[in-house]
Every structure is written in C-alpha cells, then in structure tokens.
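Reviewing the structure listed below.
Number of protein chains: 2
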Amino acid sequence: MEFSSKLLENAVNEMSQLPGIGKRTALRLVLHLLKRPEEQTQKLSSSLLKMRETINFCTNCHNISDSQLCEICANPRRDSQIVCVVEDIRDVMAIENTSQYRGHYHVLGGKISPMDGVGPSDLNITSLVEKVKDGKINEIIFALSSTMEGDTTNFYIYRQIENFNVVTTTIARGISVGDELEYADEVTLGRSILHRIPFETSLKS
Amino acid sequence: MEFSSKLLENAVNEMSQLPGIGKRTALRLVLHLLKRPEEQTQKLSSSLLKMRETINFCTNCHNISDSQLCEICANPRRDSQIVCVVEDIRDVMAIENTSQYRGHYHVLGGKISPMDGVGPSDLNITSLVEKVKDGKINEIIFALSSTMEGDTTNFYIYRQIENFNVVTTTIARGISVGDELEYADEVTLGRSILHRIPFETSLKS
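Protein sequence lines correspond, in order, to chains V and W. Just so we're aligned: 190 in full-length UniProt numbering is position 190 of the first sequence, and the numbers increase by one with no gaps anywhere. Just so we're aligned: 88 in full-length UniProt numbering is position 88 of the second sequence, and the numbers increase by one with no gaps anywhere.
Below you can see the structure in the form of structure tokens.
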C-alpha cells in the first residue's frame, strides 16, 4: 500500500499492529479520526497511554484494578476460600455477569501453550500454589477454556496442589442452553451423558 | 459491561468510538496493548496524535500530504489537465495501484448524502469548479461510488460545470473481471450491453 503521507503511514502501521486489524481496516480507522474533531484523537491517545502507564493489578488475584486490591478481593461479603481460576480478566467479567458466583478469582494471565511460547513460569501459578499451601483456600474451581491448552494448564496446576487439603472442581461441560442435540459434537454430548445431573437439580437454576 | 478499573473503562470507551469497533473488540485490543511492552502503546498514541495535529492536505487536490502540494500534483510528468474526481484518499490509493492513470485527482472528502447530513458545502466542490472556470482543466473524470449518493454528487458537479469548455466522463460500469454473468445484477448487465465497447479495444488492456 502506497501512502501519500509519512505521518499517515506511521499511524496506519501502528494501528495495524493490533490483533485482527489489517492495513485496510487501520486506514479506515485512521481516516475516521482525521474526519472527527482533533479532541477525539487526543482523548483516545491519552486514555490508552494513561491506562498503559498507570494500570494496576490486584496483588491478590492479578485482576486489573485501580487500587492495590480489586473490588472483588476487597469485598468482605465474598468468600475468599473459594477461588475460581481463569485465563484473563475477560473471563472474570463474563462470570461476574452471570451473578452466580460469590467467591474470589485468580487470573493466570493466559494458559500454557508451547506453540505460542507460553510456559508455566509466564503465568501467575506460583502465587496460587502459595495460597493453597498456606491453607487459605478450600476449593479451587478451574474455569479455563475447554481446549488442549486449557486442559494442560488445569492438569499442571492440579499436580502441584493435589497433595494439599483443597477440593478441586471444574466448571461443567455440556450442551449449551438453547442448543439442539443433533448439532452438538460427539465429545460434548458423550460427556454430558457421562456427567448427567439429577433432574431436580436442573430445575433449580 | 462492568469494568474493574476506571482507566481500563476509559480506554475501552474511547477505542469503541472507532467505526466497526464494539465494546468487546475494544476490550480485546486494549488488553492486547496491556500485554505488549509499554513502548507499543506509546508509539501508537504518539503516531495518532502527531498525524492528527500536523497532517496537511494538498492545496490543489485535497489529498493527504506532508507538504503543501502532494506528490501527484507536484509531479511535472503528470497531466494536470485531466482531473479524476474521487470521494476520499482511499480511492486515490486504489486508482494509483492500477498504474493506469497519469492525470491529477480532486478529493471531494465525501459525497452528497442528506441522510448523513452531508451537503454540497461540506465537500471540496467550489475549488474544483473554480479550476474549471479558470480553464485549467480539459477533462473531468467522475470516479465516485455507483450509488444514489455518488450519482447525485456527480450530477450536482456536472450542473455547475456543464457550460464551461470541459469534457466530462465517468468511469465505466459493467461486469467485473472474473464475474460470472448469471450472478450479475440486471442493471449492471443492462448497462454493460448498452455501453458495449469495440472488441479490439478490450484486447488492448
């Protein structure tokens, strides 16, 4: 792509570094900013910069937070003895949206993925194991993606804590609400039969 | 969407002002920046800001340029008497990519669209008409979108310059290269028969 301006080219190049944004989309976004008041670009730039430079991570659960402890960890009405292990903060937001969970979280910051060069030491696993060793946790809920990487990460953590006095559970896998059986893959369907629950239990939620 | 951090929320809100970027995508982009070195966010912010604050438009054709005249207008080997009228600089880039055109451009900055509140006075039409009045142009090529708005804009400009000594042409509408006839819409197909060209001409390009 040939640009008539170096400034434009730089902006497009930087924008296209973002995931899922190609050169054409980047150009569209940048030209949009050019058409809008200068103020909008200033706000965008400064909000990104301020966030990147001053953002904080909760010292307890590694969730993004403006204070030392995030709102969830600082909330005395939440059960600190149940910890839900998730990949990133989007998962925290997704689970919080369900209003079904009143425990704490532990954000790993990813999952073990040798293909992407992510090993156990790149994730917040040590601090989780420490918490378990200190006997502060009764139950660990694994809520990672149902993929090879997610399962590997679950198992890696499980092996480190299995000898301590902690219950480990994993979120239920099964047919999504609203799904038709004939379109479900056989692994999911098979597991959903294997891990069936009493009908009375299903009526309660 | 509930955010655990005000800084994060601000960044996501600003990002989601961009066209085609919803809150979820904005969150993904912003979290990506958080995972990358701080330098990347700094580069992105400064390149956007610098572009927005110091960008220049060519005084002749309104194309984006780093100098007063864009490279195309400043090039003595290009024919300044032929002017191709386009909506925005993306169209200039698209036509330049074909290497088929050696004239100048005139960037309108949009098209007449009452639905979006864009009238003739919002576009760079006056300067084009002035150039025609001064007798500097032999041919005007309309290369706007083949839509109601594009046609309206073409016609609006045409009415202002029809009494001057200038040839007005429009880019050919027809079946795209590689298209199968049975899938072409009837208006396009009809026009492509109406505006058929000598077979020998088609062999040359």
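For glycine and all other residues, C-beta sits at the position ideal for the given N, C-alpha and C. Every value quoted in this text rests on a predicted model; they were computed, and no experiment measured them.
Per-residue contacts from residue i into chain V (C-beta, under 9 Å)
| i | result |
| --- | --- |
| N63/W | S4, S5 |
| K50/W | L7, N10, A11 |
| D66/W | S4, S5, K6, L7, L8 |
Residue i classed as buried or exposed, judged by whether at least 16 other C-beta atoms fall within 10 angstroms
| i | result |
| --- | --- |
| I197/V | exposed |
| M148/V | exposed |
| T41/V | buried |
| I143/W | For the record, residue 143/W in the displayed sequence is Ala; it is not Ile. Classification for A143/W: buried. |
| N154/W | buried |
| E180/W | exposed |
| I171/V | exposed |
| I157/V | buried |
| E9/V | buried |
Closer than 8 Å at the beta carbon, the chain W residues around residue i
| i | result |
| --- | --- |
| H32/V | L18, P19 |
Presumed contact (8 Å Cβ cut-off) between residue i and residue j, rounded CB distance
| i | j | result |
| --- | --- | --- |
| P19/V | L29/W | 7 Å |
| T188/W | G174/W | 7 Å |
| K111/W | E130/W | The pair is not a contact, with the Cβ atoms about 20 Å apart (cut-off 8 Å). |
| V166/V | I125/V | Not really, about 14 Å apart at Cβ, beyond 8 Å. |
| V132/V | G103/V | No, V132/V and G103/V are not in contact; Cβ-Cβ is about 14 Å, not under 8 Å. |
| T98/V | E139/V | Contact doesn't hold; Cβ gap of about 18 Å is too wide. |
Chain-ordered chain W contacts of residue i [CB-CB under 9 Å]
| i | result |
| --- | --- |
| M15/V | L44, S47, L48 |
| L29/V | L18, P19, G20, I21 |
| R90/V | R24, L27, R28, L31 |
| I157/V | Correct list: empty, because the minimum Cβ distance to chain W is about 21 Å. |
| C73/V | The premise fails here: C73/V is roughly 10 Å from chain W at the closest Cβ pair, so nothing lies under 9 Å. |
| E180/V | Those within 9 Å of E180/V in chain W number zero; the least Cβ separation is about 26 Å. |
| M93/V | M1, E2, F3, S4, L27 |
Given residue i as reference, the closest of the options once Cα atoms are compared
| i | options | result |
| --- | --- | --- |
| S5/V | D66/W, M1/W, P114/W, S5/W | D66/W |
| residue 217/V | D134/V, L27/V, V85/V, C73/V | For chain V, the structure presents residues 1 to 205; residue 217/V sits outside this window and is missing. |
| M51/V | L48/W, K35/W, D91/W | K35/W |
| L27/W | T25/V, F142/V, L48/V | L48/V |
| V53/W | K133/V, F142/V, A11/V | The residue asked about is misnamed: residue 53/W is Glu in this sequence, not Val. Taking only the C-alpha atoms, the option nearest E53/W is A11/V. |
| residue 206/V | E162/V, Y156/V, N154/V | Absent from the model: residue 206/V. The displayed extent of chain V is 1 to 205, so no value can be given. |
| D122/V | I55/V, L108/V, V83/V | L108/V |
| F57/V | S46/V, I89/V, S80/V | I89/V |
| V118/W | G150/W, T201/W, M1/W | G150/W |
| P37/V | R159/W, Q17/W, R24/W | Q17/W |
| Q160/W | P120/W, A184/W, Y183/W | P120/W |
| Q81/W | A184/W, I141/W, T25/W | I141/W |
| A94/V | R24/W, I95/W, Q68/W, S46/W | R24/W |
| S202/V | N13/V, E96/V, S46/V, V177/V | V177/V |
Residue i to residue j span [Cα, whole Å]
| i | j | result |
| --- | --- | --- |
| C61/V | D116/W | 47 Å |
| Q100/W | H32/W | 41 Å |
| R78/W | H106/W | 14 Å |
| N63/W | V92/W | 8 Å |
| L7/W | S127/V | 25 Å |
| G22/V | E39/W | 20 Å |
| M15/V | F3/V | 15 Å |
| S192/V | P76/V | 36 Å |
| V85/V | C70/W | 56 Å |
| S145/V | M1/W | 21 Å |
| residue 226/V | P114/V | Since the first and last residues shown for chain V are 1 and 205, residue 226/V lies out of range. |
| E186/V | L194/V | 12 Å |
| E96/W | E182/V | 52 Å |
| N13/W | N13/V | 22 Å |
| K204/W | S46/V | 54 Å |
| F199/V | F164/V | 33 Å |
| Q68/V | Q68/W | 51 Å |
| G190/V | G190/W | 56 Å |
| A184/W | A184/V | 38 Å |
7 Å Cβ cut-off: residues of chain W touching residue i
| i | result |
| --- | --- |
| M115/V | Here the premise fails: no neighbours, minimum Cβ distance about 17 Å. |
| D134/V | The premise fails here: D134/V is roughly 24 Å from chain W at the closest Cβ pair, so nothing lies under 7 Å. |
| Q40/V | Q17 |
8 Å Cβ cut-off: residues of chain V touching residue i
| i | result |
| --- | --- |
| C84/W | Near C84/W there are no residues of chain V at all, since even the closest Cβ is about 14 Å away, more than 8 Å. |
| E96/W | E2 |
| I55/W | S5, L7, L8, L34 |
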